[in-house]
Amino acid sequence: MTSLDSSSQLNHTPGHIKHSGHNLTGFVIFLCSESIIFLAFFAGFTLFKITSPEWLPPGVEGLEVRMPLINTIVLVSSSFVAYFAERYLHKGNLWGFRIVWFITMLMGAYFVYGQYVEWSSLEFGLGSGVFGGTFYLLTGFHGLHVITGIGLMGLMLFHSFRPGNYEKGDMGVTAVSLFWHFVDVIWIILFVLIYVWQRTN
Amino acid sequence: MTSTNFDPRILKAPHPVPGAPDNWKRFFSFNTDAKVIGIQYIATSLLFLLVGGLLAMVMRGELITPPADLVDPSVYNGLYTMHGTVMLFLFLFPVLNGLNNLLIPTMIGAPDMAFPRLNAAAFWLVPVFALLLMGSFFIPGGPAQSGWWSYPPISIQNPLNHFVNGEQLWLLAVALSGVSSIFGAINFVTTIIRMRAPGMGFFKMPLYCWTAWGAQTIQLIGLPALTGGAIMLLFDLSFGTSFFRPEGGGDPVLYQHFFWFYSHPAVYVMVLPVFGIFSEVFTCYARKPLFGYKFVALASFGIVFLSLIVWVHHMFYTGTPNWMRILFMFTTMTIAVPTGVKVFAWVATLWGGKLRLTTPMLFCLGGLLNFIFAGITGVMLGTVPIDIHVGNTYFVVAHFHYVIFNAIVLGVFAAVYHWFPKFTGHMYYEGLGKVHFALTFIGCTLNWLPLHWAGLLGMPRRVASYDPEFAIWNVLASIGAFLLGVASIPFILNMVSSWARGPKASPNPWGAIGLEWLLPSPPPAENFEDDVPTVLNNPYGYGLNEPFVADEEFYIRRAQEA
């Protein structure tokens with residue numbers, strides 16, 4: 001009809017119809033949607049924190065920051081490690097990919113272990129007011145994503161041993177490392193909200 | 202088909218097996234063909250339309266006399282909660298997903314959805330959460346009783362102290378329904394973005410695809426917020442947290458924000474595809490090009506954007522500060538602009554056209570009429586003073602049902618009739634269809650028009666008994682409701698007998714334009730397979746001398762020979 005039509009026609013190649021490159025599109029859409037659940041939780045946390053008359057449960061002074069900070073550093077750097085693993089894969093260095101990818105998994109596992117240690121040392125529970133609830137909900141829901149991420153990475157590692165699978169790189173690895181970066185960014189926001197912003201009014 | 206550069210195991214996209222059994226059994230199996238899934242969705246959801254309708258008729262039976270005599274008031278609470286939930290989560294969302302499954306791939310010339318297996322998984326979640334929801338009728342304490350919005354603190358009461366209770370099953374069902382909808386939404390959006398026929402730029406897409414795309418975008422943005430709220434509510438109910446318990450520092454109003462952030466746009470999730478259906482049906486039976494195609498298309502996304510910033514108008518009377526009320530009143534009013542663009546475009550399309558009053562056209566005309574009426578009461582409800590006056594009365598119930606039933610469900614019926622020949626290969630019986638329309642239109646008007654008066658006079662909703670001064674409006678409404686129940690008989694008769702024994706349908710019985718009409722009726726498993734037509738123009742060139750696709754005669758002949 002008019003100019004807008006012809007421009008969208010240029011972007012469109014008939015090849016799209018049979019090619020399944022849309023897997024990554026679908027995955028990115030999923031991640032955007034998933035981030036909104038976290039956004040809802042963050043919004044709830046912020047609102048509670050600002051309006052709640054009694055924020056910390058009685059007997060709790062605040063949260064220990066040192067352990068979580070080490071955890072944060074491990075998780076954030078694991079994102080870079082995952083990126084290098086992906087680079088190895090694109091260069092065709094399969095063993096380089098496997099080793100570095102496995103290191104990423106180990107770093108993720110360390111993070112989960114750190115979370116476990118922290119949870120077991122805390123004096124408040126899920127039912128300790130709105131602070132306990134939001135704390136465990138946010139860290140637990142994020143931890144679930146970390147565990148899922150490690151599982152998906154394990155799956156990718158397993159598939160890399162099947163002959164012929166990873167010759168030209170792999171969309172699945174791209175998707176999983178995208179997921180890992182996503183989990184990472186969520187953690188940074190979470191860390192700032194829960195651990196850094198501790199002063200109550 | 203295998204591809205080397207993606208991992209098939211996370212989101213695998215297998216093709217439907219060629220030569221899969223072409224009999225009725227495929228409708229009861231884990232089939233990945235979008236057309237089978239579409240019919241599975243539609244059949245399941247129409248079944249639940251009957252269930253939800255029966256619940257409603259018990260309620261209308263109760264309300265025909267002022268005192269609470271037919272059912273116990275607490276049973277009545279369960280009835281309206283389940284009626285709302287069944288109608289929304291088990292009828293309207295699935296039926297529209299069914300239409301999406303049938304229409305999107307065929308309209309854009311794709312062989313199937315982008316992720317067929319995810320698609321089938323999304324459908325098979327429906328019976329699972331249906332079972333959870335229906336099962337809650339049979340547990341001690343009965344089903345959830347806090348209304349479809351499930352506001353705390355009522356919804357987090359657990360008087361019998363059973364760990365498994367109706368409210369909990371309700372929340373699980375809603376969460377699963379959310380998972381199913383997200384699976385669907387990812388699929389529909391990816392399919393529309395990536396799998397269109399050659400030459401089909403966005404501004405040559407059928408409007409149904411535009412509106413479905415908009416609706417699914419709302420699902421992707423809004424639904425996670427409700428899921429977040431539902432998770433927190435479930436924790437409050439079952440695991441002793443206090444997100445929404447004031448005594449533990451929580452805030453019950455926060456839940457209302459989570460809930461309405463999704464559930465207001467959810468109405469647009471349902472109404473947008475119906476706008477698409479209106480656009481397809483009006484042009485086809487008025488034999489005229491759609492007036493202002495691009496404006497109608499873009500208005501869909503205007504509605505998507507605005508629908509996400511109006512939710513607080515449901516909370517004008519729950520302690521919302523004044524500045525917020527004014528702000529959201531303003532945004533609510535502006536939604537009338539893109540909606541008005543669409544309504545005027547349809548009226549202009551119909552204007553001077555030679556209308557063929559077939560069953561789908563009648564349903565759409567009735568639906569449009571009702572939608573305009575519902576839009577006017579919607580603007581009334583969006584103004585703060587009127588809303589505070591009539592909030593939580595039958596005026597709201599009447600307005601809501603005018604949108605949901607009188608406009609959306611009529612549009613859905615129109616779609617079922619309009620595309621029935623295409624996907625079953627048989628014509629329906631026009632006479633029975635018209636009887637269905639007449640009964641439905643009279644029934645729905647009689648049911649909900651009088652309730653506006655009851656509401657303006659102050660009759661509160663969600664109560665089993667009422668003051669005798671409201672009796673006349675309720676008697677009328679109950680007669681209308683039973684008429685709607687009767688209307689389902691010609692519909693079921695028509696669908697079953699036409700599919701079994703109706704006359705064979707030609708590929709394009711309505712003389713409509715669109716890729717789906719260039720396929721045989723019913724279309725083969727992979728639609729156009731490798732030979733997809735190149736689209737030249739938008740599919741509304743009725744009466745214009747412009748070709749829709751290149752080599753149109755070839756495709757028409759091929760469809761007829763198949």
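The listed protein sequences correspond, in order, to chains R and H.
Going by the numbering used here, the residue at position 178 of the first sequence is 178; the numbering climbs one at a time, nothing skipped.
Going by the numbering used here, the residue at position 9 of the second sequence is 210; the numbering climbs one at a time, nothing skipped.
By construction, the Cβ of each residue, glycine as well, lies at the ideal position given by its N, Cα and C atoms.
Taking a C-beta distance under 9 Å as the contact criterion, H:L427 and H:G379 qualify as a contact pair. Collapsing the DSSP output to three states places H:K705 in a strand. Within chain H, the C-beta atoms nearer than 7 Å to that of R:I29 come from I387, V390, T391 and L421, in chain order. H:H627 sits in a strand when the DSSP states are folded into three classes.
The closest CA to that of H:A665, considering only H:G336, H:I238 and H:V276, is found on H:V276.
From the listed residues H:A398, H:A688, H:L647 and H:G520, the smallest Cα separation to H:L455 is found for H:G520. If you check the CB distance, H:W674 and H:M660 come in under 9 Å.
Counting along the chain, H:Q420 sits inside the alpha helix (DSSP H) bounded by residues L408 to S439.
Looking at the backbone, the Cα of H:F749 and that of H:T559 are separated by about 24 Å.
Inter-segment contact for the segment 419-433 of chain H and the segment 103-123 of chain R is absent: fewer than three beta-carbon pairs are separated by less than 8 Å.
Between the beta-carbon of H:S501 and that of H:L491 there is about 13 Å, and that puts the pair past the 8 Å contact cut.
Around R:L157, the same chain offers R98, W101, F102 and M105 as residues with beta carbons nearer than 8 Å, after the five sequence neighbours per side are excluded. Residues of the same chain with a CB within less than 7 Å of the CB of H:Y494, apart from the 5 flanking positions on each side, are N739 and Y741 in chain order. H:V610 is the residue among H:L304, H:D437, H:V610 and H:G299 whose C-alpha sits nearest the C-alpha of H:F642. Cβ-Cβ distances below 7 Å link R:V81 to V100, I103, T104 and M107 in the same chain, with the five nearest sequence neighbours on each side left out; the list follows chain order. Between the segment 295-314 of chain H and the segment 711-719 of chain H there are three or more C-beta pairs closer than 8 Å, enough to call the two in contact.
In this structure, DSSP gives H:V736 an extended state, which the three-state scheme calls strand. Interface with chain H (9 Å Cβ-Cβ cutoff): R:G44 is included. Residue pairing by DSSP places H:T594 opposite H:P661 in a beta bridge. In this model, H:V505 and H:I419 are separated by some 6 Å (Cα to Cα).
Nearest Cα to H:Y618 within the set H:P725, H:G632 and H:W414: H:G632. Counting along the chain, H:W547 sits inside the alpha helix (DSSP H) bounded by residues A537 to L551.
In this structure, the straight-line span from the alpha carbon of H:S337 to that of H:A688 is close to 29 Å. Within the same chain, and ignoring the five residues on either side of H:I355 in sequence, the residues whose Cβ sits closer than 7 Å to its Cβ are S347. Counting C-beta pairs closer than 8 Å gives fewer than three between the segment 538-547 of chain H and the segment 597-609 of chain H, which falls short of the contact rule. Judged by DSSP in its simplified three-state form, H:P344 adopts strand. With respect to H:A315, H:M396 sits close: the two C-beta atoms are nearer than 9 Å. Fully contained in the segment 324-389 of chain H is no alpha helix (DSSP H) run of length 4 or more.
For R:P53, the closest Cβ of chain H is nearer than 9 Å. Taking all protein chains shown into account, R:E64 has fewer than 16 neighbouring C-beta atoms within 10 Å of its C-beta and is therefore exposed. H:F459 belongs to the set of residues whose beta carbon lies under 9 Å from a beta carbon in chain R.
Contact check for H:W512 against H:P466 passes: the beta carbons are separated by less than 9 Å. Around the beta-carbon of R:E86, 16 or more other beta-carbon atoms lie within 10 Å, marking it buried. Separation of H:N388 and H:I238 (C-alpha to C-alpha, rounded to the nearest whole angstrom) is 13 Å.
Those residues of the segment 117-130 of chain R placed with their C-beta closer than 8 Å to a C-beta in chain H are L126, G127, G129 and V130, ordered along the chain. Here DSSP, grouped into helix, strand and coil, assigns H:V610 to helix.
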